[in-house]
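Trainee: Numbering (mature numbering (1 follows the signal peptide of the UniProt record, and there is no 0)), first residue to last: -21 to -1, 1 to 187.
As structure tokens, then:
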């Protein structure tokens, strides 16, 4: 009797191991706002959009909370994909990056670029950075003085905003900014709306 039970138990363990699976979760932010088109951008877990404001241009890309893999038994992830999130220990972080390409001297005021979530609440970044467009390792954290005085540029500049906590979990948000100087005569600020898209992919870890 014991050999039979041992065989059944061993077969059950092997079955569990071979059926163990994983869920790969990736978060994207996409937009269908008119006047913005998808740009060629080699980013990871993000999509870039650029505005039709020639001869100047503005490129925005948003990076979601990041990808993660959860593991569990077969079929369970299909039925309860969100129930596995408690296995993932990470601090959600939302990054919004804007690249400004202008053809004449221009002063950018970071506080003039406003973020509003899908519930109509203003979003406050935990940090704002200015990056060198060529040397990406040259990063400057902007303090309140630099933000108030603005950033002068005559070519290209990159700004990055960080949001954490509940703000990083919003289902969507909008970005409102003033048009570049060349296009300011239009009197129409640029607005783009992003909505979150989460993709789950089933990964049979022990079957490959």
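Heads up, the beta-carbon is just placed ideally off N, CA and C, and yes, glycines get one too.
(1) What three-state label does DSSP hand residue 143 in the structure shown?
(2) Relative to the C-alpha of residue 156, which candidate in 8, 88, -12, 125 has its C-alpha closest?
(3) Near residue 12, which residues of its chain fall below 6 Å by C-beta distance, leaving aside the five closest residues on each side in sequence?
(4) In whole angstroms, what separates the C-alpha of residue 9 from that of residue 127?
(5) Identify which residue in 120, 91, 97 has its Cα closest to the Cα of residue 105.
(6) CB residue 133 to CB residue 84, shorter than 7 Å?
(7) Ignore the nearest five residues each way along the sequence and tell me which others in residue 189's own chain have a CB closer than 7 Å to its CB.
(8) According to DSSP, simplified to helix, strand and coil, what is residue 180?
(9) What do you get for residue 107, buried or exposed, if any count of 16 or more other CB atoms within 10 angstroms of its CB means buried?
(10) What do you reckon, are the CB atoms on residue 94 and residue 154 nearer than 7 Å?
(11) Taking DSSP's pairing of strands, which residues face residue 153 in a bridge?
(12) If I follow the unbroken alpha helix (DSSP H) through residue 123, where does it start and stop?
(13) Just to check my reading of the structure: residue 28 and residue 74 have Cβ atoms closer than 8 Å, yes? What is that Cβ distance to the nearest angstrom?
(14) Could you give the DSSP three-state label for residue -12: helix, strand or coil?
(15) Using 10 angstroms around the beta-carbon of residue 180, count the other beta-carbons present and answer buried if the total reaches 16, otherwise exposed.
Mentor: On the basis of the supplied data:
(1) On the chain shown, position 164 is the one that residue 143 refers to. Residue 143 falls in the strand class under three-state DSSP.
(2) Walking along the chain shown from the start, residue 156 turns up at place 177. Of the candidates 8, 88, -12, 125, the one whose C-alpha sits nearest the C-alpha of residue 156 is 88.
(3) Within the chain shown, residue 12 is the residue found at index 33, counting from 1. Within the same chain, residue 12 has close Cβ partners 171, 172.
(4) Counting from one through the chain shown, the residue named residue 9 turns up at place 30. Counting from one through the chain shown, the residue named residue 127 turns up at place 148. Residue 9 and residue 127: Cα-Cα distance of roughly 30 Å.
(5) Indexing the chain shown from 1 puts residue 105 at position 126. Residue 105 has its Cα closest to that of 120, out of 120, 91, 97.
(6) In the chain shown, counting from the first residue as 1, residue 133 sits at position 154. In the chain shown, counting from the first residue as 1, residue 84 sits at position 105. Contact flag set, yes.
(7) Because the chain here runs from -21 to 187, residue 189 falls outside it and cannot be looked at.
(8) As a position in the chain shown, residue 180 is number 201, starting the count at 1. Three-state DSSP puts residue 180 in a strand.
(9) Counting from 1 along the chain shown, the entry for residue 107 is found at position 128. Residue 107 is buried by the Cβ-count criterion.
(10) Residue numbering aside, residue 94 sits at position 115 when the chain shown is read from its first letter. Residue numbering aside, residue 154 sits at position 175 when the chain shown is read from its first letter. For residue 94 and residue 154, yes; Cβs fall inside 7 Å.
(11) Locating residue 153 in the chain shown gives position 174, where the first residue counts as 1. Looking at the DSSP assignment, residue 153 forms a beta bridge with 95, 172.
(12) Indexing the chain shown from 1 puts residue 123 at position 144. Residue 123 -> alpha helix (DSSP H) spans 123 to 128.
(13) By one-based count along the chain shown, residue 28 stands at place 49. By one-based count along the chain shown, residue 74 stands at place 95. The Cβ separation is near 15 Å, so there is no contact.
(14) For the purposes of this step, residue -12 is identified with residue 10 of the chain shown, where counting begins at 1. Helix at residue -12.
(15) Residue mapping note: residue 180 aligns to position 201 of the chain shown, counting from 1. Under this definition residue 180 is an exposed residue.
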